[in-house]
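S.K.: Residue numbers (this note's numbering): 490 to 891.
Here it is, the structure in full.
In structure tokens, the structure reads:
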């Protein structure tokens with residue numbers, strides 16, 4: 490088809506055409522980034538975790554006398570292990586995805602500065618069983634190491650041994666054996682005695698991409714820092730076990746404030762904001778695409794109404810139904826192409842801005858390709874109705890003066 494008459498017509502109606510181009514560009518930029526962010530929200534919500542999420546429950550206990558905390562924690566755990574169907578029970582300072590995150594920077598060299606926020610887990614005896622940790626190398630802590638576990642005035646562990654995530658072992662010592670290596674923080678050092686399957690951070694949103702699976706585990710004897718109890722059972726017994734555990738603790742600690750929930754609820758609570766964001770972005774995408782489609786339909790319908798006589802003349806001199814239809818389809822394709830090219834540049838710029846200021850990951854190229862294809866398809870579908878009406882204009886329209 491001859492493009493020159495189409496370009497001449499668009500130049501004559503350059504203001505409406507420019508508006509459509511800008512509308513398509515904005516829709517393309519928003520669509521690419523929104524779909525990418527929705528995908529990231531879904532991926533984050535399904536992020537794997539190296540613990541038995543289905544079988545464990547978390548009970549936070551507050552209000553204990555810090556002077557008596559050691560005895561209280563030991564007594565509480567003994568009672569929890571006696572609850573029927575309980576496989577293991579232990580104390581911890583906070584759980585993955587928990588509300589009381591604790592971070593620190595660790596390096597594999599003395600006096601080096603860390604650029605990663607690592608989650609700090611203080612765990613009591615049997616925590617590896619209660620959490621369902623998976624040991625990949627080395628060993629867990631010994632009874633003597635738990636006995637030495639306490640916090641120094643600078644809030645570092647005094648035990649000098651540590652378990653690390655597999656992700657950290659690979660990051661700190663690529664291609665080497667992590668066992669026996671040391672990690673450092675503010676002049677203190679700890680020796681790696683075990684490497685475990687990656688446990689997700691206490692607050693992945695704060696930890697960032699680099700710290701999502703960066704976590705260190707220190708042995709801790711019963712103390713006020715261990716104010717979360719982990720109770721593990723079969724998933725089928727979990728809710729019943731949690732209820733009995735809460736009743737047991739309520740009798741032992743009548744003055745304490747208890748809050749218990751399955752770990753699956755802990756995960757759901759943490760990612761609730763991401764789910765809401767995903768739904769909001771999907772709504773934005775739908776509205777943006779609908780507005781863009783309506784804009785294309787409205788503009789094309791207006792042009793068809795303005796050019797009925799011109800279309801009738803073309804039909805009278807031999808233009809076929811298919812040629813009229815192709816004219817408007819081609820016209821819209823040119824507008825869509827201009828809008829998509831501008832939109833792709835804008836989408837890339839928005840992604841760069843989000844990466845710098847909000848720790849969003851780089852958007853893969855195929856999101857740009859998918860957004861462009863979606864806008865092209867939307868444009869062709871939106872113009873189809875007006876184009877069909879234009880192609881149906883009878884040749885007699887050429888003889889009308891009004």
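Think of the CB as a built atom: it goes at the ideal place given N, C-alpha and C, for glycine as much as any other residue.
These numbers come from a predicted model, not from an experiment.
1) Can you check which of these residues, 752, 777, 787 and 799, is closest to residue 506 by C-alpha distance?
2) Comparing alpha-carbon positions, which option in 550, 601 and 666 lies nearest residue 682?
3) Restricting to Cα atoms, I'd like to know which of 697, 849, 612 and 504 is closest to residue 892.
4) Excluding the 5 residues flanking residue 654 on each side, which residues of the same chain have their C-beta closer than 7 Å to its C-beta?
5) Drop a sphere of 10 angstroms on the beta-carbon of residue 604, count the other beta-carbons inside from all chains shown, and report buried for 16 or more, exposed for fewer.
6) Can you give me the C-alpha to C-alpha distance between residue 645 and residue 518, rounded to a whole angstrom?
7) Mind checking which residues open and close the beta strand (DSSP E) that includes residue 611?
8) Would you decide whether residue 856 is buried or exposed? Buried here means 16 or more other CB atoms lie within 10 Å of its CB.
9) Tell me residue 679's beta-bridge partners as DSSP assigns them.
10) Measuring straight from C-alpha to C-alpha, what distance separates residue 891 and residue 768?
11) When the distance is taken between beta carbons, is residue 572 closer than 8 Å to residue 734?
12) State the CB to CB distance for the pair residue 621 and residue 509, rounded to an integer number of angstroms; the pair is presumed to be in contact (CB under 8 Å).
13) Give me the Cα-Cα distance between residue 503 and residue 511, rounded to the nearest whole angstrom.
14) Have a look at residue 692 and residue 761 and give me their C-alpha separation to the nearest angstrom.
15) Give the DSSP-derived three-state secondary structure of residue 891 in the structure shown.
16) Assign residue 876 to one of two classes, buried (16 or more other C-beta atoms within 10 Å of its C-beta) or exposed (fewer than that).
17) Nearest CA to the CA of residue 578: which residue from 529, 843, 619 and 841?
18) Are there 16 or more other CB atoms within 10 angstroms of the CB of residue 695, so buried, or fewer, so exposed?
19) Do residue 550 and residue 747 count as a contact pair if the criterion is CB distance below 8 Å?
20) Is the separation between the beta-carbon of residue 513 and that of residue 825 shorter than 8 Å?
21) DSSP state of residue 556, grouped into three classes?
22) Under a three-way DSSP split, which group does residue 596 fall into?
23) For the region 711-755, list the alpha helix (DSSP H) runs that are entirely contained and at least 4 residues long, ordered along the chain.
24) For the 8 Å Cβ check, are there 3 or more pairs between the region 627-642 and the region 559-566?
25) Pull up the distance between the alpha-carbon of residue 878 and that of residue 588, whole angstroms please.
26) Grab me the residues of residue 756's own chain with a C-beta within less than 7 Å of its C-beta, minus the 5 sequence neighbours each way, in chain order.
27) If we call anything under 8 Å between Cβ atoms a contact, is residue 597 one with residue 609?
28) Restricting to Cα atoms, I'd like to know which of 523, 724, 547 and 501 is closest to residue 860.
29) Is it the case that the Cβ atoms of residue 817 and residue 869 are separated by a distance below 8 Å?
30) By a C-beta neighbour count over all protein chains shown, 10 Å radius and 16 as the cutoff for buried, is residue 874 buried or exposed?
31) Given this structure, state the Cα-to-Cα distance separating residue 745 from residue 711, to the nearest angstrom.
32) Among all the DSSP beta bridges, which residues are the ones paired with residue 626?
33) Quick one: Cα of residue 602 to Cα of residue 528, how far?
34) Label residue 751 either buried or exposed according to how many other C-beta atoms from any shown protein chain fall within 10 Å of its C-beta, with 16 as the threshold for buried.
35) On the criterion of 16 or more Cβ atoms from any shown chain inside 10 Å, does residue 632 qualify as buried, or is it exposed?
36) Assign residue 675 to one of two classes, buried (16 or more other C-beta atoms within 10 Å of its C-beta) or exposed (fewer than that).
M.R.: Walking through what the data contain:
1) As a first step, residue 506 is located in the chain shown; it is residue number 17 there, counting from the start. The shortest C-alpha separation from residue 506 is found at 787.
2) Working through the chain shown from its first residue, we reach residue 682 at position 193. Closest by alpha carbon: 666.
3) The requested residue 892 does not occur in the structure, where the chain is confined to residues 490 to 891.
4) As a working mapping, residue 654 is identified with position 165 in the chain shown. Taken in chain order, the residues that qualify are 685, 687, 688, 702, 703 and 704.
5) Within the chain shown, numbered from 1, the residue matching residue 604 stands at position 115. Residue 604 should be labelled exposed.
6) Position 156 of the chain shown, counting from 1, holds the residue named residue 645. Position 29 of the chain shown, counting from 1, holds the residue named residue 518. Going from the Cα of residue 645 to the Cα of residue 518 covers about 47 Å.
7) Translated into the one-based positions of the chain shown, residue 611 becomes position 122. First-last of the beta strand (DSSP E) with residue 611: 607-612.
8) The residue you call residue 856 lines up with position 367 of the chain shown. Residue 856 comes out buried.
9) Working through the chain shown from its first residue, we reach residue 679 at position 190. Its beta-bridge partners are 672.
10) Walking along the chain shown from the start, residue 891 turns up at place 402. Walking along the chain shown from the start, residue 768 turns up at place 279. Caution is warranted here: a pLDDT of 47 is assigned to residue 891, below 50, making its placement in the model unreliable, and no coordinate value can be reported.
11) On the chain shown, residue 734 is found 245 positions in, with the first residue counted as 1. On the chain shown, residue 572 is found 83 positions in, with the first residue counted as 1. Closer than 8 Å, so yes.
12) The residue labelled residue 621 in the question sits at position 132 within the chain shown. The residue labelled residue 509 in the question sits at position 20 within the chain shown. Going by Cβ atoms, the distance from residue 621 to residue 509 rounds to 56 Å, so no, they are not a contact pair.
13) Along the chain shown, read from residue 1 onward, the residue named residue 503 stands at position 14. Along the chain shown, read from residue 1 onward, the residue named residue 511 stands at position 22. In a straight line, the C-alpha of residue 503 is about 12 Å away from that of residue 511.
14) Your numbering for residue 692 matches position 203 in the chain shown. Your numbering for residue 761 matches position 272 in the chain shown. So the alpha carbons of these two residues sit roughly 13 Å apart.
15) Looking up residue 891 in the chain shown gives position 402. Legend: pLDDT at residue 891 = 47, less than 50; position of this residue unreliable, no value from coordinates given.
16) Position 387 of the chain shown, counted from the first residue, corresponds to residue 876. The residue in question, residue 876, is buried, as its Cβ has 16 or more Cβ neighbours within 10 Å.
17) Numbered from 1 along the chain shown, position 89 holds the residue referred to as residue 578. When only C-alpha atoms are compared, the closest one is 619.
18) Sequence index remark: in the chain shown, residue 695 carries index 206 (1-based). With fewer than 16 Cβ atoms within 10 Å of its Cβ, residue 695 is classed as exposed.
19) Here residue 747 is taken as the residue at index 258 of the chain shown, counted from 1. Here residue 550 is taken as the residue at index 61 of the chain shown, counted from 1. Yes; because the gap between Cβ atoms is below 8 Å, this pair is in contact.
20) Within the chain shown, the letter at position 24 stands for residue 513. Within the chain shown, the letter at position 336 stands for residue 825. Cβ atoms of residue 513 and residue 825: closer than 8 Å.
21) Looking up residue 556 in the chain shown gives position 67. In this structure, DSSP gives residue 556 a helical state, which the three-state scheme calls helix.
22) Start at 1 with the first residue of the chain shown, and residue 596 comes out as number 107. It is a strand residue.
23) 727-741
24) no
25) To locate residue 878, count along the chain shown from 1; it is residue 389. To locate residue 588, count along the chain shown from 1; it is residue 99. Cα to Cα, the separation comes out at about 60 Å.
26) Counting from 1 along the chain shown, the entry for residue 756 is found at position 267. For residue 756, where only same-chain residues beyond five positions count, the Cβ hits under 7 Å are 542 and 586.
27) Numbered from its first residue, the chain shown carries residue 597 at position 108. Numbered from its first residue, the chain shown carries residue 609 at position 120. Cβ distance not < 8 Å, so residue 597 and residue 609 don't count as in contact.
28) Stepping through the chain shown from its first residue, residue 860 is reached at position 371. Of 523, 724, 547 and 501, the residue nearest in Cα terms is 523.
29) Here residue 817 refers to the residue found at position 328 of the chain shown. Here residue 869 refers to the residue found at position 380 of the chain shown. Result no, Cβ atoms of residue 817 and residue 869 do not sit closer than 8 Å.
30) As a position in the chain shown, residue 874 is number 385, starting the count at 1. By the 10 Å Cβ count, residue 874 comes out exposed.
31) Indexing the chain shown from 1 puts residue 745 at position 256. Indexing the chain shown from 1 puts residue 711 at position 222. A direct Cα-to-Cα measurement between residue 745 and residue 711 gives close to 17 Å.
32) What you label residue 626 is simply residue 137 of the chain shown in a count that begins at 1. Note: residue 626 sits in a beta bridge opposite 684.
33) To locate residue 602, count along the chain shown from 1; it is residue 113. To locate residue 528, count along the chain shown from 1; it is residue 39. Cα to Cα, the separation comes out at about 33 Å.
34) For the purposes of this step, residue 751 is identified with residue 262 of the chain shown, where counting begins at 1. Using a 10 angstroms sphere on the CB of residue 751, the tally of other CB atoms reaches 16 or more, which defines it as buried.
35) As a first step, residue 632 must be located in the chain shown, where it is residue number 143. Residue 632 comes out exposed.
36) For the purposes of this step, residue 675 is identified with residue 186 of the chain shown, where counting begins at 1. With fewer than 16 Cβ atoms within 10 Å of its Cβ, residue 675 is classed as exposed.
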